[in-house]
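Peer 1:
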Amino acid sequence: MSNKVWTTTSNFENNYRYMDLSFPGRVDYPELARLQELKAQDKLTDDEEKKRKEKVNSLIEIEKIYFSGRKLDPEIIPNILYAHNIAKNVKLPAFFRVNSGIIISESCAEILKKFRLGETGLYPLSFFDIQLNESVNDQTYYFLNIAELRSYLRPEDCIKKMRKQTYTQHQGYQLFNLYDGFYADNAIAIAKEAVECDVDLWRDPELKSSIFISDALKDALDAEQLSQDWQFFLCKLV
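For what it's worth, my numbering labels the leading residue of the sequence shown as 258, then goes sequentially.
1. Report the residue from ILE445, GLY378, LEU474 whose alpha carbon sits nearest the alpha carbon of ASP457.
2. Apart from the five residues on each side of it in sequence, which residues of its chain come closer than 8 Å, Cβ to Cβ, to LYS296?
3. Do PHE353 and LEU382 have their C-beta atoms closer together than 8 Å?
4. Give a yes or no on contact between the segment 331-351 and the segment 377-396, applying the rule of three or more CB pairs nearer than 8 Å.
5. Taking 8 Å as the threshold (C-beta atoms), are ILE360 and TYR496 in contact?
6. With a Cβ-Cβ cutoff of 8 Å, do ASN260 and LEU494 count as a contact?
7. If the criterion is Cβ atoms closer than 8 Å, does the pair ILE317 and LEU329 meet it?
8. Taking VAL393 as the reference, which of GLU363, ASP414, LYS345 has the closest Cα?
9. Taking buried to mean at least 16 other C-beta atoms within 10 Å of its own C-beta, is PRO281 buried or exposed?
10. Between ASP437 and PHE269, which are expected to be in contact by the criterion C-beta below 8 Å, what is the C-beta distance as a whole number of angstroms?
11. What are the boundary residues of the beta strand (DSSP E) that ASN314 is part of?
12. Identify the residues that DSSP records as bridge partners of SER279: which are they?
13. Given a cut-off of 8 Å, decide if LYS418 and LEU498 are closer than it, judged by their beta-carbon atoms.
14. With PHE439 and TRP263 assumed to form a contact (beta carbons below 8 Å), what rounded beta-carbon distance in angstroms separates them?
15. Buried or exposed: which applies to LYS465, given that a residue is buried once 16 or more other Cβ atoms fall within 10 Å of its Cβ?
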């Protein structure tokens, strides 16, 4: 059995892409974008402003569930990834973040499917240019809903830059945050029992925007040269 666990965060600035998602039945992104543009121009009617607020509040609710590591209901799983004025031959990273979630490449998704994911879901997305309202290319990307929580964090043994938050995401758990610039090997300390975790990919309820993976999954991503975009760091086991 390996004695390594790896971590990363969805908050790395260089992982962010200015793209958005549509959530069927809740938030049609092109319609929201249209209303936001009218809002910026101060041209909204009262009814349109009401619709805009409803869509924005729905999006906030979805993001709150998602980023806390809970599973989204099937009826609100996103189905389209929208880009803005993007080249047809664009090659996106294997792992990146957009406004409402984490996106991975098809190659990454195929590897993850071979591992123990538990309730974590992988959902294919169509890829559209919002200005042209047409498919960008034939690449398939996946929405990654990490819905497995495991409490292994040992804040007292982490790097001193770790900060306690004034709010929590899960009842009974203090929430901590580490600015992405301070991530490094052994900066994050976790219980050594994590090497025996029953899933290969999880979040920790005490660490904001956290992602942890097993050494076996890291090796599989390494073998296909897909791990670099994830920006993994070795955990300190205590």
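Glycine included, C-beta positions come from ideal geometry on N, C-alpha and C. All figures in this text were calculated on a predicted structure; none of them were measured in a lab.
Peer 2: With the structure as the only source:
1. Here residue 457 refers to the residue found at position 200 when the sequence shown is read from its first residue. Per the Cα distances, LEU474.
2. Taking the first residue of the sequence shown as position 1, residue 296 is located at position 39. Answer for LYS296: GLU306, ARG309, listed in chain order.
3. Mapped onto the sequence shown, residue 353 falls at position 96. Mapped onto the sequence shown, residue 382 falls at position 125. For PHE353 and LEU382, no; Cβs fall outside 8 Å.
4. Contact holds: three or more Cβ-Cβ distances are below 8 Å.
5. Any answer about residue 496 is impossible in this case: the structure gives the chain only from 258 up to 495.
6. Here the question's residue 260 lines up with position 3 in the sequence shown. Here the question's residue 494 lines up with position 237 in the sequence shown. Yes; because the gap between Cβ atoms is below 8 Å, this pair is in contact.
7. Here the question's residue 317 lines up with position 60 in the sequence shown. Here the question's residue 329 lines up with position 72 in the sequence shown. Contact check for ILE317 against LEU329 fails: the beta carbons are separated by 8 Å or more.
8. Residue mapping note: residue 393 aligns to position 136 of the sequence shown, counting from 1. Nearest option by C-alpha distance: LYS345.
9. Within the sequence shown, numbered from 1, the residue matching residue 281 stands at position 24. Residue burial annotation: PRO281 is exposed, with fewer than 16 other C-beta atoms found within 10 angstroms of its C-beta.
10. Within the sequence shown, numbered from 1, the residue matching residue 437 stands at position 180. Within the sequence shown, numbered from 1, the residue matching residue 269 stands at position 12. Cβ atoms of ASP437 and PHE269 come within 8 Å of each other, at about 5 Å.
11. Your numbering for residue 314 matches position 57 in the sequence shown. For ASN314, there is no enclosing beta strand (DSSP E); the residue is found in the alpha helix (DSSP H) stretching over 303-324.
12. Within the sequence shown, residue 279 is the residue found at index 22, counting from 1. Under DSSP, SER279 takes part in a beta bridge, and its partners are ILE337.
13. With the chain represented from 258 up to 495, any question about residue 498 goes unanswered, as that position is not in the structure.
14. Within the sequence shown, residue 439 is the residue found at index 182, counting from 1. Within the sequence shown, residue 263 is the residue found at index 6, counting from 1. Contact between PHE439 and TRP263 fails: their C-beta atoms lie close to 17 Å from each other, not under 8 Å.
15. Numbered from 1 along the sequence shown, position 208 holds the residue referred to as residue 465. A residue is called buried when at least 16 other Cβ atoms come within 10 angstroms of its Cβ; LYS465 meets this threshold and is buried.
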